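J.: Following this message is one structure expressed as structure tokens.
2 protein chains.
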Amino acid sequence: MPTATPTPRPGGRSARVLADVVAATLAEVSEKPYDQLTVDAVANRSGIHKATLYRRWGGMDGLIAQALTTSAEQPWPIPDTGSVDEDVRLLAHEVYATFTDPELRTTPTALIAAALRSPRGAEALHAFFAARHRQAAEVAVRGVERGELPSGADPVELVRAATAPLYHRLFLTGEPLDEPAATRAAAAALLAARAGLFSPEPQDNSPSPQPR
Amino acid sequence: MPTATPTPRPGGRSARVLADVVAATLAEVSEKPYDQLTVDAVANRSGIHKATLYRRWGGMDGLIAQALTTSAEQPWPIPDTGSVDEDVRLLAHEVYATFTDPELRTTPTALIAAALRSPRGAEALHAFFAARHRQAAEVAVRGVERGELPSGADPVELVRAATAPLYHRLFLTGEPLDEPAATRAAAAALLAARAGLFSPEPQDNSPSPQPR
Chain A
1 MPTATPTPRP
11 GGRSARVLAD
21 VVAATLAEVS
31 EKPYDQLTVD
41 AVANRSGIHK
51 ATLYRRWGGM
61 DGLIAQALTT
71 SAEQPWPIPD
81 TGSVDEDVRL
91 LAHEVYATFT
101 DPELRTTPTA
111 LIAAALRSPR
121 GAEALHAFFA
131 ARHRQAAEVA
141 VRGVERGELP
151 SGADPVELVR
161 AATAPLYHRL
171 FLTGEPLDEP
181 AATRAAAAAL
191 LAARAGLFSP
201 EPQDNSPSPQ
211 PR
Chain B
1 MPTATPTPRP
11 GGRSARVLAD
21 VVAATLAEVS
31 EKPYDQLTVD
41 AVANRSGIHK
51 ATLYRRWGGM
61 DGLIAQALTT
71 SAEQPWPIPD
81 TGSVDEDVRL
91 LAHEVYATFT
101 DPELRTTPTA
111 LIAAALRSPR
121 GAEALHAFFA
131 ARHRQAAEVA
141 VRGVERGELP
151 SGADPVELVR
161 AATAPLYHRL
171 FLTGEPLDEP
181 AATRAAAAAL
191 LAARAGLFSP
201 EPQDNSPSPQ
211 PR
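Going down the list, the sequences are from chains A and B. Residues in the first sequence are numbered consecutively from 1, following the UniProt record's numbering. Residues in the second sequence are numbered consecutively from 1, following the UniProt record's numbering.
Below, the structure is given as structure tokens:
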């Protein structure tokens, strides 16, 4: 059925321009230090005229923001093993694998680092994380439905807790990220969820000390 | 007693230059967007000649790195209440308070954001976090000594876990940071430590699901 406002078809010119521009931006971001990125190089690489890039995206920061926005829209595999413990472990391990595998890591690492270097990029990064959290929260929703987690547990908070320590190491503290760190982050997030920390009325009192 | 290699006295010219330059850098970073920061403005503000700044710090990224290095060396109050639960809660709440109080937040927020915008700044930021983690780990060391935590618990890992979710919100996801989030992060870190997740032989198997 035709819709009132025509939207660009997936194969249309506008979609092709967008795909070419994003691919060229990702390639540039992956290959060059931030300070050497230029709209000219993205224009050359994509075959799209520089004036078009400036008009539509404003500059390099806008191109980086677009690359993140497009990445956030890509579907990515959310684990669905039937066990929330395994799903959350797999989520954390996917972050670990993506950002430590020598081949996989280059583009997303460079893209996030580049996004942190402009206010417009940072804004797109916030939207990117919000989208990822929303998508991945599905594993916690299913865990609650299966009765593996307390019924009030905030699904986004579980995902955030399971992945925050990994991004913290990768992009803020620069500490090495290893597989046990991913396992720990997932296990700690599940423990917290089961203790009711992510439920609507959080226990504001910390657990009482248990001397050993 | 005189030492073999003379070191600058705290009140010496070199220390005064350093203090003036760091103060001027912090003021500039707090007041202006990153792209408007200039060595010229730091020179004017500090009264130190521009050529000296370039020679010693290389440029704005070096000045920002210096400001972080100097900040990392400042002693800061590590809670010591006699209870590891309360100390860890206070640590997380200090991060929360520092980065959400309208007056306190400006300088550290701008400094970390600025550090993320150059490789040299990022390196200084890594050293800054490493120093803070080392200092704060004291609360976990005391908790282990008092028998409140398992004897093998990694003190730095506890501090990291209690604060990572806060920095993650502040500098990566842009999600709002509220007091309950700080309370949750501290409580979750303590739960994980007590479950043995931060001990030398981490339980690689996640806890088995407990259907409710």
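Where is the CB? At the ideal position from N, CA and C, for every residue including glycine. This structure is a prediction, so every number in the text was calculated from the model and none was measured.
Can you list, in chain order, the residues of its chain with a C-beta nearer than 8 Å to that of A/Thr81? Leave out the 5 residues immediately preceding and following it.
T.: Reading the first sequence from its first residue, position 81 is the one you call residue 81 of chain A. Only Asp87 and Leu90 meet the Cβ criterion.
J.: Taking only beta-carbon positions, decide if A/Leu53 is within less than 7 Å of chain B.
T.: As a first step, residue 53 of chain A must be located in the first sequence, where it is residue number 53. Taking Cβ atoms only, chain B never reaches closer than 7 Å to A/Leu53, which makes this a no.
J.: Quick check on DSSP: helix, strand or coil for A/Asp61?
T.: On the first sequence, position 61 is the one that residue 61 of chain A refers to. Looking at A/Asp61 - three-state DSSP - the assignment turns out to be helix.
J.: Measure the C-alpha to C-alpha separation of B/Pro105 and B/Ser30 and round it to an integer number of angstroms.
T.: Sequence index remark: in the second sequence, residue 105 of chain B carries index 105 (1-based). Sequence index remark: in the second sequence, residue 30 of chain B carries index 30 (1-based). The sequence given here places Arg at residue 105 of chain B; Pro does not occur at that position. Answer to the nearest angstrom: the Cα atoms are 10 Å apart.
J.: Using alpha carbons as the reference points, say which of B/Gly58, B/Ala136 and B/Pro155 lies closest to B/Val144.
T.: For the purposes of this step, residue 144 of chain B is taken as the residue at position 144 of the second sequence. Considering only alpha carbons, the answer is B/Pro155.
J.: Chain B beta carbons: is any one of them nearer than 7 Å to that of A/Arg212?
T.: The residue given as residue 212 of chain A occupies position 212 in the first sequence. Here A/Arg212 scores only 43 on pLDDT, less than 50, and its place in the model is too uncertain to base an answer on.
J.: Find the residues of chain A that neighbour B/Phe129, judging by a C-beta separation of less than 7 Å, and give them in chain order.
T.: Against the second sequence, residue 129 of chain B aligns to sequence position 129. Those within 7 Å of B/Phe129 in chain A are Leu172 and Thr173.
J.: Helix, strand or coil: which one does DSSP assign to A/His49?
T.: If you number the first sequence from 1, residue 49 of chain A lands on position 49. Judged by DSSP in its simplified three-state form, A/His49 adopts coil rather than helix or strand.
J.: Let me know if B/Ala19 comes out buried or exposed under the rule of 16 or more other beta-carbons within 10 Å of its beta-carbon.
T.: Position 19 of the second sequence, counted from the first residue, corresponds to residue 19 of chain B. So B/Ala19 ends up on the exposed side.
J.: By the 10 Å Cβ neighbour count, where 16 or more other Cβ atoms means buried, how is B/Gly62 classified, buried or exposed?
T.: In the second sequence, counting from the first residue as 1, residue 62 of chain B sits at position 62. It counts as buried.
J.: Compute the beta-carbon to beta-carbon distance between B/Ala131 and B/Ala72, rounded to the nearest angstrom, for a pair I have assumed lies under 8 Å.
T.: Locating residue 131 of chain B in the second sequence gives position 131, counting from the first residue. Locating residue 72 of chain B in the second sequence gives position 72, counting from the first residue. 4 Å between Cβ atoms; contact.
J.: Can you tell me where the alpha helix (DSSP H) holding A/Arg120 begins and where it ends?
T.: To locate residue 120 of chain A, count along the first sequence from 1; it is residue 120. Start and end: Pro119 to Ala136.
J.: Can you pull the chain B residues whose beta carbon is under 9 Å from the beta carbon of A/Leu125, in chain order?
T.: Here residue 125 of chain A refers to the residue found at position 125 when the first sequence is read from its first residue. The answer, in chain order, is Leu172, Thr173 and Gly174.
J.: Identify whether A/Gln74 lies in helix, strand or coil by the three-state DSSP scheme.
T.: Taking the first sequence and counting its residues from 1, the one referred to as residue 74 of chain A is at position 74. A/Gln74 falls in the coil class under three-state DSSP.
J.: Taking the Cβ atom as the reference point for each residue, do B/Thr100 and B/Pro108 lie within a distance shorter than 7 Å?
T.: Working through the second sequence from its first residue, we reach residue 100 of chain B at position 100. Working through the second sequence from its first residue, we reach residue 108 of chain B at position 108. No; because the gap between Cβ atoms is not below 7 Å, this pair is not in contact.
J.: Classify B/Trp76 as buried or exposed, calling it buried when 16 or more other Cβ atoms lie within 10 Å of its own Cβ.
T.: Here residue 76 of chain B refers to the residue found at position 76 of the second sequence. The residue is exposed, with fewer than 16 neighbouring Cβ atoms inside 10 Å.
J.: Does the beta carbon of A/Arg117 come closer than 7 Å to any beta carbon on chain B?
T.: Along the first sequence, read from residue 1 onward, the residue named residue 117 of chain A stands at position 117. Chain B contact via Cβ: present.
J.: Considering only the beta carbon of each residue, do B/Ala24 and B/Val42 sit closer than 7 Å?
T.: The residue labelled residue 24 of chain B in the question sits at position 24 within the second sequence. The residue labelled residue 42 of chain B in the question sits at position 42 within the second sequence. Going by C-beta atoms, B/Ala24 is nearer than 7 Å to B/Val42.
J.: State the DSSP-derived secondary structure class of B/Val88, mapped to helix, strand or coil.
T.: Taking the first residue of the second sequence as position 1, residue 88 of chain B is located at position 88. B/Val88 falls in the helix class under three-state DSSP.
J.: So what's A/Ala15 in DSSP terms, helix, strand or just coil?
T.: Looking up residue 15 of chain A in the first sequence gives position 15. Correct three-state label for A/Ala15: helix.
J.: Apart from the five residues just before and just after A/Tyr54, which ones in its own chain have a Cβ nearer than 8 Å to its Cβ?
T.: For the purposes of this step, residue 54 of chain A is taken as residue 54 along the first sequence, with counting starting at 1. Excluding residues within five positions, the ones whose Cβ falls inside 8 Å are Val39.
J.: What does the alpha-carbon distance come out to for the pair B/Ala185 and B/Arg13?
T.: If you number the second sequence from 1, residue 185 of chain B lands on position 185. If you number the second sequence from 1, residue 13 of chain B lands on position 13. Approximately 44 Å between the Cα atoms of the pair.
J.: What distance in whole Å lies between the Cβ atoms of A/Val95 and A/Ala182, which are believed to be in contact at a cut-off of 8 Å?
T.: Within the first sequence, numbered from 1, the residue matching residue 182 of chain A stands at position 182. Within the first sequence, numbered from 1, the residue matching residue 95 of chain A stands at position 95. Going by Cβ atoms, the distance from A/Ala182 to A/Val95 rounds to 7 Å, so yes, they are a contact pair.
J.: Counting C-beta neighbours from all protein chains within 10 Å, is the total for A/Arg134 16 or more, i.e. buried, or is it exposed?
T.: Counting from 1 along the first sequence, the entry for residue 134 of chain A is found at position 134. With a 10 Å radius around the Cβ and a threshold of 16 neighbouring Cβ atoms, A/Arg134 comes out exposed.
J.: Please check if any C-beta of chain A sits within less than 7 Å of the C-beta of B/Pro209.
T.: Numbered from 1 along the second sequence, position 209 holds the residue referred to as residue 209 of chain B. Confidence is the limiting factor: at B/Pro209 the pLDDT is only 47, short of 50, which leaves the residue's position unreliable and the question unanswerable from this model.
J.: Assuming the contact rule is C-beta atoms closer than 8 Å, B/Ala114 and B/Ile64 should be a hit. Round their C-beta distance to whole Å, please.
T.: Along the second sequence, read from residue 1 onward, the residue named residue 114 of chain B stands at position 114. Along the second sequence, read from residue 1 onward, the residue named residue 64 of chain B stands at position 64. The distance from the Cβ of B/Ala114 to that of B/Ile64 is about 5 Å, consistent with a contact at the 8 Å cut-off.
J.: Thinking C-beta only, is B/Phe129 closer than 7 Å to A/Thr163?
T.: Indexing the first sequence from 1 puts residue 163 of chain A at position 163. Indexing the second sequence from 1 puts residue 129 of chain B at position 129. No.
J.: Excluding five sequence neighbours on each side, which residues of the same chain lie with their C-beta closer than 6 Å to the C-beta of B/Ser118?
T.: Along the second sequence, read from residue 1 onward, the residue named residue 118 of chain B stands at position 118. Here the set comprises Asp61.
J.: Return no unless some Cβ of chain B is closer than 7 Å to the Cβ of A/Tyr167.
T.: For the purposes of this step, residue 167 of chain A is taken as the residue at position 167 of the first sequence. For A/Tyr167, the answer is yes, since a Cβ of chain B falls inside 7 Å of its Cβ.
J.: Quick check on B/Ala164 - is its C-beta less than 7 Å from some C-beta in chain A?
T.: Along the second sequence, read from residue 1 onward, the residue named residue 164 of chain B stands at position 164. It does; some Cβ of chain A falls within 7 Å.
J.: Check this for me: beta carbons of B/Ala153 and B/Ala189, under 7 Å apart or not?
T.: As a position in the second sequence, residue 153 of chain B is number 153, starting the count at 1. As a position in the second sequence, residue 189 of chain B is number 189, starting the count at 1. No; because the gap between Cβ atoms is not below 7 Å, this pair is not in contact.
J.: Tell me, please, whether the CB atom of B/Arg132 is closer than 7 Å to any CB atom in chain A?
T.: Walking along the second sequence from the start, residue 132 of chain B turns up at place 132. With 7 Å as the cut-off, B/Arg132 does not count as an interface residue toward chain A.
J.: DSSP state of B/Phe171, grouped into three classes?
T.: Residue 171 of chain B sits at position 171 when you count from the first residue of the second sequence. Note: B/Phe171 maps to helix in three-state DSSP.
J.: Just the Cα atoms here: how many angstroms apart are B/Ala124 and A/Pro79?
T.: Along the second sequence, read from residue 1 onward, the residue named residue 124 of chain B stands at position 124. Along the first sequence, read from residue 1 onward, the residue named residue 79 of chain A stands at position 79. Approximately 37 Å between the Cα atoms of the pair.
J.: So is A/Pro180 buried or exposed if we call it buried at 16+ other beta carbons inside 10 Å?
T.: Locating residue 180 of chain A in the first sequence gives position 180, counting from the first residue. The residue is exposed, with fewer than 16 neighbouring Cβ atoms inside 10 Å.
J.: Quick check: is the beta carbon of A/Ala4 nearer than 7 Å to any beta carbon in chain B?
T.: Residue mapping note: residue 4 of chain A aligns to position 4 of the first sequence, counting from 1. Unreliable positioning characterises A/Ala4 in this predicted model, as indicated by a pLDDT of 46, which lies under 50. The coordinate reading is nonetheless provided below. Cβ-Cβ to chain B under 7 Å: no for A/Ala4.
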